[in-house]
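S.K.:
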Amino acid sequence: LPISPPSEEDEALAETYLKRFFNLTEETGPVFKRRPSQRSRKVSEMQSFFGLKVTGTLDAETVMMMKKPRCGVPDVQLSR
Amino acid sequence: FTTFDNHKWQTNRVTYRIENYTPDMSVAEVDNSIERALQVWAKVSPLRFTRIYSGIADIMISFGTRNHGDSYPFDGPDGTLAHAFAPGAGIGGDAHFDDDESFSFSSTRGYNLFLVAAHEFGHSLGLSHSNDPGALMFPVYSYTDPRTFSLPRDDVNGIQYIYGPNTDLNPNPDKPDPTPPSTPDACDPTLVVDAVTTLRGDKMFFKGRFLWRGDPQGNKPVLSLIKNYWPELPDNINAAYESQLSDRVFLFKDSQVWALYGYDIVPGYPKNLNSLGLPRTVKKVDAAMYDEDSRKTLFFVDDNYYSYDEAMKRMDKGFPKRVDEGFPGMTSKVTAAFQVRGFTYLYSGSYMFEYSMRTRRQLRVLGNNYFLPC
């Protein structure tokens, strides 16, 4: 697949997708520079769930998976 | 499989009610799709479903768009197709379908309501999503022929984990229930792949409905459904090869051949096997591979193999030859074949035989997961 940086539209899709299905929340509190962001960790979690290469970044294959038609129930169980 | 923690129906007798209908299908088609989608689960568990036409059922089924009365609005066409709630009072167990989608009864047009509903009812009964790409409870929609649908093993394990097996005797003892299809396991030493090919540096291993795709960096191959990539392609293909000359991958099933250019199916395919020049007596190819040096494609059929001149687009004279004549020591049937870094690999059953094309010597006998790390 062509290697191209994710578009703004892809970024927005990813944000919505990760919030809806992988419980991405707003990042509050101190950000530890060396630690991957919550967002990157959620991308990795999603890639692992779908058996994709775990890169933590929005590569083309990950965006392609996010665009597939699917069920609206979250993939991780939300804390009640 | 995964389950919603502590969410199951306390009785095996569950009621459902269809509150409204989609304009995409007739009332009878919706009723039938919903009924069959519930029977998928009843067949392998003690659960029994009764339809009611008024009042509150355990599973309330409705079609709606965008904001439709719960705090999970739908998103218009595609994207989210439906959702359902874990067993419980009130909205618990209810299933909602996004009526901005185009639902269908039996064709590959739109989204098959039976398949979408069967998935959602898995949630209604207590199952959450599975990361097994072959499971019905895998979150991404994938078309499967409803007429031959059989609940996969992962889903059977899930529902029986919650409710136990179906304790009723099979009403048709002379027609045993089909064995639930399981997802192939790369760690299975007895795995026999259907076909292997390269595709612009990637390696693809086909098995049943599935394919593993490995990238050149040798990362763990990704397992997915063939139909996730190519809905038009059949399952259980026989052979595959990549022609470096035409930059196409050819896939074979019975007497038909498909061509891919990159990840797109080339228009005008499938074609008949004989369009390649194979004799009419050849109805099926067991394996195929492209030899980079000679620019010939070898087709393996039973104990023989043919040589096809890709440049001249015709079969070479003097074939078929016996496989063990061209590849000494290869006495068992070739089930898949390809070339990697100039070495030829002939699969037979769960073994892989490495050959030098120049000397035709058998160099090593390897396990089937040599390129498919467990």
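First to last, the protein sequences are chains A and B.
Per this note's numbering, the very first residue in the first sequence carries number 86; after that it's consecutive.
Per this note's numbering, the very first residue in the second sequence carries number 111; after that it's consecutive.
We put the beta carbon where it would ideally sit given N, CA and C, even for glycine.
1. So the beta strand (DSSP E) B:Q366 belongs to, where does it begin and stop?
2. Can you tell me the Cβ-Cβ gap for B:T407 and B:Y400, rounded? I've got them flagged as a contact below 8 Å.
3. Taking C-beta pairs closer than 7 Å, name the residues in chain B that A:F107 reaches, listed in chain order.
4. Hey, is the region 179–189 of chain B in contact with the region 150–159 of chain A, meaning 3+ C-beta pairs nearer than 8 Å?
5. For B:L473, I'd like the list of residues in its chain whose CB is within less than 8 Å of its CB, leaving aside the five on either flank, ordered along the chain.
6. From the DSSP output, which residues share a beta bridge with B:S334?
7. Taking B:H233 as the query, report the chain A residues whose CB atoms sit under 7 Å from its CB, ordered along the chain.
8. Given B:T175, which residues of its chain have a CB within under 6 Å of its CB, disregarding the five upstream and five downstream residues?
9. Just to confirm, is the Cβ distance from B:A205 to B:M170 under 9 Å?
10. What does B:F114 reach in chain A if we use C-beta pairs closer than 8 Å?
11. Excluding sequence positions up to five away, which residues of its chain have a Cβ less than 8 Å from the Cβ of A:T70?
12. Using CA atoms only, rank isn't needed, just tell me which of B:S260, B:F409, B:N478 is closest to B:A152.
13. What does a CB cutoff of less than 6 Å around B:G387 pick up in its chain, not counting 5 residues either side in sequence?
14. Return the residues of the region 236–248 of chain B that lie within a Cβ-Cβ distance of less than 8 Å from chain A, sorted by chain order.
15. Just grab the DSSP bridge partners of B:K313 for me.
16. State the Cα-Cα distance for the pair B:N267 and B:M422, rounded to the nearest angstrom.
17. Given this structure, state the Cα-to-Cα distance separating B:L309 from A:E93, to the nearest angstrom.
18. In angstroms, rounded to a whole number, what distance separates the CA positions of B:F448 and A:M151?
19. Near B:N276, which residues of its chain fall below 8 Å by C-beta distance, leaving aside the five closest residues on each side in sequence?
20. Hey, B:S234 and B:D180: beta-carbon distance below 9 Å or not?
21. Are any of the Cβ atoms in chain B nearer than 9 Å to that of A:P154?
22. Ignoring anything shorter than 3 residues, give me the beta strand (DSSP E) runs that lie fully in the region 384–469 of chain B, in order along the chain.
23. Within 9 Å (strictly less), CB to CB, does A:K138 reach chain B?
24. If we cut at 9 Å on Cβ distances, does B:V332 have a partner in chain A?
25. Mind pulling the chain A residues with CB within less than 7 Å of B:G189?
26. Can you tell me whether DSSP reads B:R358 as helix, strand or coil?
27. Classify B:D141 as helix, strand or coil using the three-state DSSP reduction.
28. Taking DSSP's pairing of strands, which residues face B:S238 in a bridge?
29. Taking just the CA atoms, how far does B:S164 sit from B:Y339?
30. Pull up the CB-CB distance for B:F437 and B:R470, whole angstroms please, since I reckon it's below 8 Å.
31. Should B:R319 be labelled buried (16 or more other beta-carbon atoms within 10 Å of its own) or exposed?
32. Under 7 Å Cβ to Cβ from B:Y480, same chain only, skipping five residues before and after it: list those, please.
33. Using a beta-carbon distance below 9 Å, is B:V250 in contact with chain A?
34. Tell me whether B:D374 sits in a helix, a strand or coil according to DSSP, three-state version.
35. Is the region 285–304 of chain B in contact with the region 185–204 of chain B, if contact means three or more CB pairs nearer than 8 Å?
36. Please list, in chain order, the chain A residues whose beta carbon lies closer than 8 Å to that of B:H193.
M.R.: Walking through what the data contain:
1. Here residue 366 of chain B is taken as the residue at index 256 of the second sequence, counted from 1. Run containing B:Q366: 366–371, per the beta strand (DSSP E) assignment.
2. Within the second sequence, numbered from 1, the residue matching residue 407 of chain B stands at position 297. Within the second sequence, numbered from 1, the residue matching residue 400 of chain B stands at position 290. Yes, they are in contact, since the Cβ atoms of B:T407 and B:Y400 sit about 5 Å apart, within 8 Å.
3. By 1-based counting over the first sequence, the position of residue 107 of chain A is 22. By Cβ distance, chain B contributes nothing, its closest Cβ being about 11 Å from A:F107, past 7 Å.
4. yes
5. Taking the first residue of the second sequence as 1, we reach residue 473 of chain B at position 363. Here the set comprises F453, E464, Y465, S466.
6. Numbered from its first residue, the second sequence carries residue 334 of chain B at position 224. Looking at the DSSP assignment, B:S334 forms a beta bridge with B:L321.
7. The residue labelled residue 233 of chain B in the question sits at position 123 within the second sequence. Those within 7 Å of B:H233 in chain A are V158.
8. Within the second sequence, residue 175 of chain B is the residue found at index 65, counting from 1. Correct list, in chain order: F184, D209, D210.
9. The residue you call residue 205 of chain B lines up with position 95 of the second sequence. The residue you call residue 170 of chain B lines up with position 60 of the second sequence. Contact flag set, yes.
10. As a working note, residue 114 of chain B is residue 4 in the second sequence. Near B:F114 (Cβ distances below 8 Å), the residues of chain A are Q162.
11. Not covered by the structure: residue 70 of chain A. The range shown for chain A is 86 to 165.
12. Locating residue 152 of chain B in the second sequence gives position 42, counting from the first residue. Among B:S260, B:F409, B:N478, the Cα nearest to that of B:A152 belongs to B:S260.
13. The count along the second sequence starts at 1 and reaches residue 387 of chain B at position 277. Excluding positions up to five away in sequence, the list reads R424, M425.
14. S238, H239, N241, P243
15. Position 203 of the second sequence, counted from the first residue, corresponds to residue 313 of chain B. Its beta-bridge partners are B:T308, B:G324.
16. Translated into positions along the second sequence, residue 267 of chain B becomes position 157. Translated into positions along the second sequence, residue 422 of chain B becomes position 312. Whole-angstrom Cα-Cα distance: 53 Å.
17. As a position in the second sequence, residue 309 of chain B is number 199, starting the count at 1. As a position in the first sequence, residue 93 of chain A is number 8, starting the count at 1. If I take the Cα positions, the gap works out to 30 Å.
18. As a working note, residue 448 of chain B is residue 338 in the second sequence. As a working note, residue 151 of chain A is residue 66 in the first sequence. If I take the Cα positions, the gap works out to 32 Å.
19. For the purposes of this step, residue 276 of chain B is taken as the residue at position 166 of the second sequence. So the list reads A152, K153, V154, S155, P156, once near-sequence residues are dropped.
20. As a position in the second sequence, residue 234 of chain B is number 124, starting the count at 1. As a position in the second sequence, residue 180 of chain B is number 70, starting the count at 1. No, they are not a contact pair.
21. Mapped onto the first sequence, residue 154 of chain A falls at position 69. Judged by the 9 Å Cβ criterion, A:P154 is in contact with chain B.
22. 397–401, 406–411, 414–419, 446–450, 453–458, 461–466
23. Taking the first residue of the first sequence as 1, we reach residue 138 of chain A at position 53. It does: the Cβ of A:K138 has a partner Cβ on chain B nearer than 9 Å.
24. For the purposes of this step, residue 332 of chain B is taken as residue 222 along the second sequence, with counting starting at 1. So yes, B:V332 belongs to the interface.
25. The residue labelled residue 189 of chain B in the question sits at position 79 within the second sequence. Chain A residues near B:G189: P154.
26. Position 248 of the second sequence, counted from the start, is the residue given in the question as residue 358 of chain B. Of the three classes helix, strand and coil, the one that applies to B:R358 here is strand, per DSSP.
27. Working through the second sequence from its first residue, we reach residue 141 of chain B at position 31. If DSSP states are grouped into helix, strand and coil, B:D141 belongs with the helices.
28. The residue given as residue 238 of chain B occupies position 128 in the second sequence. Per DSSP, none; premise fails for B:S238.
29. Indexing the second sequence from 1 puts residue 339 of chain B at position 229. Indexing the second sequence from 1 puts residue 164 of chain B at position 54. Cα-Cα distance, rounded: 43 Å.
30. On the second sequence, residue 437 of chain B is found 327 positions in, with the first residue counted as 1. On the second sequence, residue 470 of chain B is found 360 positions in, with the first residue counted as 1. Between B:R470 and B:F437 the Cβ distance is about 6 Å, and since that is below 8 Å, they are a contact.
31. Your numbering for residue 319 of chain B matches position 209 in the second sequence. Buried.
32. Looking up residue 480 of chain B in the second sequence gives position 370. Within the same chain, B:Y480 has close Cβ partners M462.
33. Numbered from 1 along the second sequence, position 140 holds the residue referred to as residue 250 of chain B. At least one chain A Cβ lies under 9 Å of B:V250.
34. Working through the second sequence from its first residue, we reach residue 374 of chain B at position 264. Of the three classes helix, strand and coil, the one that applies to B:D374 here is strand, per DSSP.
35. no
36. Counting from 1 along the second sequence, the entry for residue 193 of chain B is found at position 83. Per Cβ cutoff of 8 Å: C156, G157, V158.
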